[in-house]
Amino acid sequence: MSTTIPAATGEQEPGGAPSGFEGDRAADSLGGAVRAYVDRVRGGDLGALPAVLGILVLGLFFTVLRPETFLTPRNMANLADQAAPIIILAMGLVFVLLLGEIDLSAGVVSGVCAAVMAKLLADAGSPWYVAVAAAILTGVLIGLFTGSLVGLIGIPSFVVTLALFLGWQGFTLRLIGEGGTVPVRDPVISAISDKNVPVVLGWILALVVIALYAALQLNRWRVQRAKNLASQPLAVVLVRIGVIALVVVLVTAVLSVDRAPAPGVVLAGIPYAIPLVVLLLLILTFLLGRTGFGRHVYAVGGNAEAARRAGISVTKIKVTVFVIGSTLAAVSGIVAAARLGSVAPGSGGGNTLLYAVGAAVIGGTSLFGGRGRARDAVLGGLVVAIIANGLGLLGTEAYLNFIITGGVLLLAASVDALARRRAAATGH
Amino acid sequence: MSASTGRPEDGTPTLELRGIDKSFGAVQVLHGVNMKVYPGQVTALVGDNGAGKSTLIKSIAGIHTIDAGELLFEGKPVSISGPREAAALGIEIVYQDLALADNLDVVQNMFLGRERKNGIVLDEISMEQAARDTLSKLSVRTLKSVRQLVASLSGGQRQTVAIAKAVLWESKLVVLDEPTAALGVAQTRQVLDLVRRLADTGHAVVFISHNMVDVFEVADRVAALYLGRMAADIPISQVNRSQVIELITAGRSGDVGIAPADVAAVEV
Chain A
1 MSTTIPAATG
11 EQEPGGAPSG
21 FEGDRAADSL
31 GGAVRAYVDR
41 VRGGDLGALP
51 AVLGILVLGL
61 FFTVLRPETF
71 LTPRNMANLA
81 DQAAPIIILA
91 MGLVFVLLLG
101 EIDLSAGVVS
111 GVCAAVMAKL
121 LADAGSPWYV
131 AVAAAILTGV
141 LIGLFTGSLV
151 GLIGIPSFVV
161 TLALFLGWQG
171 FTLRLIGEGG
181 TVPVRDPVIS
191 AISDKNVPVV
201 LGWILALVVI
211 ALYAALQLNR
221 WRVQRAKNLA
231 SQPLAVVLVR
241 IGVIALVVVL
251 VTAVLSVDRA
261 PAPGVVLAGI
271 PYAIPLVVLL
281 LLILTFLLGR
291 TGFGRHVYAV
301 GGNAEAARRA
311 GISVTKIKVT
321 VFVIGSTLAA
331 VSGIVAAARL
341 GSVAPGSGGG
351 NTLLYAVGAA
361 VIGGTSLFGG
371 RGRARDAVLG
381 GLVVAIIANG
391 LGLLGTEAYL
401 NFIITGGVLL
411 LAASVDALAR
421 RRAAATGH
Chain B
429 MSASTGRPED
439 GTPTLELRGI
449 DKSFGAVQVL
459 HGVNMKVYPG
469 QVTALVGDNG
479 AGKSTLIKSI
489 AGIHTIDAGE
499 LLFEGKPVSI
509 SGPREAAALG
519 IEIVYQDLAL
529 ADNLDVVQNM
539 FLGRERKNGI
549 VLDEISMEQA
559 ARDTLSKLSV
569 RTLKSVRQLV
579 ASLSGGQRQT
589 VAIAKAVLWE
599 SKLVVLDEPT
609 AALGVAQTRQ
619 VLDLVRRLAD
629 TGHAVVFISH
639 NMVDVFEVAD
649 RVAALYLGRM
659 AADIPISQVN
669 RSQVIELITA
679 GRSGDVGIAP
689 ADVAAVEV
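Those sequence lines, one after another, are chains A and B.
One point on numbering: in the numbering used here, the residue at position 345 of the first sequence is 345, and numbering is uninterrupted.
Each number in the numbering used here comes from the position in the second sequence (counting from 1) with 428 added on.
Printed below as a string of structure tokens:
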């Protein structure tokens, strides 16, 4: 039986969408997608490009200069431990920066929270979960305080957090005492950086992560195609899954090699800091990308007036974001304390904040608000940690470390500002 | 011409204003303003700067509370004491400065603040479909993709998105504040077509403009404010362009407008 009605279903030719939004499918091939990506980058939307390039170039640079130490499993595990506190602190800053605000006190807040935990463990003899809960609660309360000053009273966040940057250092000093340090010897907390996931379990986790990622990506693509919505070409989705799988497998493989300094003992497996960071990355990515709250954070960062007129409570969003920032600072402080084995009055001071802001910005989060993702903290945090780690291996003097790290942050901020100008000019 | 379609005006107006007064402190901005806005028609609201256009639409939007007078929505007296209440009635205002977030895409902007969710997860699929449907219904063909960022849109496209956003919410009355003010010729064309389609799909439309060409092209009725008084609220077929300009600048033209004695009183 012949029919004159064209079979529209199942056709996926570009421009086949009934409503005429041909751009939704314009890049419907790998070549088209690559061209679209190049256009986006040239239009100022750099995304993860600077951070990925940074990781590759710096990795190559230090591998060439220190071939026998940099790219070893032991140093890679060390790098992961080094990067974890920076990444977690930067994740909190991504939220704050998304609103176009800044939290200069995030570093010292991590110090205060770590000090609370250390005091409870050492002096009060509290179990680890009580101490950790208290540290996190401290972070939440500090965030409420900062957020209220910024959101309710309306003081610029720069001023509020600059004042708190000084104030909280006093708190840590009072808690710990002049010149003292409080040891952190609780086995569970120390395990974050000392202990490793058993090799077999590590591989299982790695495969679960890959399978989950692939399933989510493919399912979304399938639904979008079935309902004729905007979607990416299948090839792009597959390439992305492939890259993630490759990275996860590589990291797991390297860290599953025995890296014990002396024969006789076995030291292998993924440090616990890595699953912690991955878990936070998943939660925060979900929060920013898939929930109404995340959408409203982007809206307030992009155009606070538009958000207000749309009925979004800008104040509530601001306070919540500062709470998230300080809570993650608390987690970062705990991880840093676990790594160092102690908390000192200077914990969270110095270049802690600079590293974290640098990580967020290098990762692609804009200082002007409205643009950024949780993964930026991971990529940028790795860049910053590689610099710190590599310079340590080179044995450069302290003064040079400061200059180089400051320079990298300036470079990242310049890229951000230039990309923004370019984006404004080209309308991306 | 789409204007003066000759529709009967004896149906119930979507919005009727009766004797609206509004003062800010000692300054009375609106004096007993009467106005009728009909479904399926574009009512052009014209008036010089300071004539009270913005105050009037903000009173309709619930941003200002009126001092005296009556607001009838679909024949029933209502009091609107906030933007939410206006939205609940089906009144949507498209402000001149658009209120779109550049860093979000078209769908995200159209649903901003009123996202559809499954539990706590955003229902992107249903939102994208609804946005597409609305844009298709308005025959919007100028957008390349509903997932493109608003930052990459032209002025006319932004206006289109802002208007489509207003329509998405089963609105009955859409107020457009100078939608063609900053647009080029081709983009003005697109927006005027869209304004017309808005009325043709049954919406009551209030169209604020200073441009007489646009007004005569798209409007069915014209309401002229003169120093806070409604000089005329009549079918546009009853006036020509120079008469409307007279109404705007002098409050009176021939037989229509404020009575001469009143004009004199206003000008004192």
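Yeah, the Cβ is synthetic: ideal placement off N, Cα and C, and Gly gets one too.
Check: For TRP597 of chain B, which residues in the same chain have their Cβ closer than 8 Å to its Cβ, ignoring the five residues on either side in sequence?; Outcome: ALA515, GLY518, GLU520 and ARG542
Check: Name the DSSP beta bridge partners of VAL474 of chain B, please?; Outcome: B:ALA652
Check: Roughly how many angstroms lie between the CA atoms of LEU99 of chain A and ARG575 of chain B, to the nearest whole one?; Outcome: 22 Å
Check: Please list, in chain order, the chain A residues whose beta carbon lies closer than 7 Å to that of GLU543 of chain B.; Outcome: GLY292 and ARG295
Check: The alpha helix (DSSP H) that contains PHE158 of chain A, what's its start and end?; Outcome: 157 to 176
Check: Hey, quick one: how far does the alpha helix (DSSP H) through ASP430 of chain A stretch, first residue to last?; Outcome: The first residue shown for chain A is 1 and the last is 428, placing residue 430 of chain A beyond what the model contains.
Check: Could you tell me the alpha carbon to alpha carbon distance between VAL132 of chain A and ILE334 of chain A, rounded to whole angstroms?; Outcome: 8 Å
Check: 8 Å is my cut-off, CB to CB: does GLY434 of chain B come that close to chain A?; Outcome: Because the pLDDT at GLY434 of chain B is just 43, under 50, the model does not fix this residue reliably, and the point stays unresolved.
Check: Can ALA338 of chain A and ALA90 of chain A be called in contact, C-beta distance under 8 Å?; Outcome: no
Check: Could you tell me which of A:ILE312, A:VAL277, A:VAL38 and A:GLY370 sits nearest to PHE293 of chain A, measuring between CA atoms?; Outcome: A:ILE312
Check: Please classify PRO50 of chain A as buried or exposed, where buried requires at least 16 other C-beta atoms within 10 Å of its C-beta.; Outcome: buried
Check: Alpha carbon to alpha carbon, how far is LEU393 of chain A from PHE61 of chain A? Give it in angstroms, no decimals.; Outcome: 12 Å
Check: Rounded to whole angstroms, what's the CA-CA distance from LEU653 of chain B to GLY447 of chain B? Just pull it up for me.; Outcome: 13 Å
Check: Terminal residues of the continuous beta strand (DSSP E) containing GLN464 of chain B?; Outcome: Looking at the sequence shown, residue 464 of chain B is not Gln but Lys. Counting along the chain, the beta strand (DSSP E) containing LYS464 of chain B begins and ends at 455 to 465.
Check: Do you know whose CA, among A:LEU328, A:PHE322, A:ASN303 and A:VAL251, lies nearest PHE145 of chain A's CA?; Outcome: A:PHE322
Check: Any idea which residues DSSP pairs SER451 of chain B with across the strands?; Outcome: B:GLN456
Check: Leaving out five residues on either side along the sequence, give the residues of the same chain with a beta carbon under 7 Å from the beta carbon of ALA122 of chain A.; Outcome: VAL182 and PRO183
Check: Note the first and the last residue of the continuous alpha helix (DSSP H) segment covering ILE204 of chain A.; Outcome: 199 to 226
Check: Suppose the cutoff is 8 Å on Cβ atoms and the five residues either side in sequence are ignored; what does the same chain contact list for VAL254 of chain A look like?; Outcome: PRO73 and MET76
Check: Quick one: what's got a C-beta closer than 6 Å to LYS593 of chain B's C-beta in the same chain, skipping five residues either side?; Outcome: MET538
Check: Between PHE70 of chain A and GLY390 of chain A, is the Cβ-Cβ spacing less than 8 Å?; Outcome: yes
Check: Would you say GLU305 of chain A lies against chain B (beta-carbon separation less than 8 Å)?; Outcome: yes
Check: Helix or strand or just coil, what does DSSP make of ASN303 of chain A?; Outcome: coil
Check: Using CA coordinates, which residue listed in B:LEU626, B:GLU606 and B:GLY685 is at the minimum distance from LEU566 of chain B?; Outcome: B:LEU626
Check: Looking only at C-alpha atoms, which of A:GLY177, A:ALA106 and A:VAL188 sits nearest to VAL160 of chain A?; Outcome: A:ALA106
Check: Determine the chain B residues that contact VAL223 of chain A at a beta-carbon separation under 8 Å, and present them in chain order.; Outcome: ILE553
Check: Please report whether the beta-carbon of ALA423 of chain A lies at a distance below 8 Å from any beta-carbon of chain B.; Outcome: yes
Check: So, for SER332 of chain A: in the same chain, excluding its five sequence neighbours on each side, which residues have a beta-carbon less than 7 Å away from its beta-carbon?; Outcome: PRO85, ILE88, LEU89 and SER110
Check: Using 8 Å as the cut-off, can you tell me whether the segment 239 to 258 of chain A makes contact with the segment 189 to 207 of chain A, which would need three or more C-beta pairs spanning the two stretches below that distance?; Outcome: yes
Check: Do LEU532 of chain B and ARG586 of chain B have their C-beta atoms within less than 8 Å of each other?; Outcome: no
Check: In terms of residue numbering, what span does the beta strand (DSSP E) encompassing ARG657 of chain B cover?; Outcome: 657 to 663
Check: Going by beta carbon distance, what residues of the same chain come within less than 6 Å of ARG375 of chain A, once the five residues before and after it are set aside?; Outcome: none
Check: In or out: THR629 of chain B buried (at least 16 other Cβ within 10 Å) or exposed?; Outcome: exposed
Check: LYS316 of chain A versus chain B: which residues are under 9 Å apart at the beta carbon?; Outcome: The premise fails here: LYS316 of chain A is roughly 13 Å from chain B at the closest Cβ pair, so nothing lies under 9 Å.
Check: Looking at the structure shown, is GLU556 of chain B part of a helix, part of a strand, or coil, going by DSSP?; Outcome: helix
Check: For the segment 667 to 678 of chain B against the segment 486 to 499 of chain B, do three or more pairs of beta-carbon atoms, one drawn from each stretch, fall closer than 8 Å, so that the two count as touching?; Outcome: no
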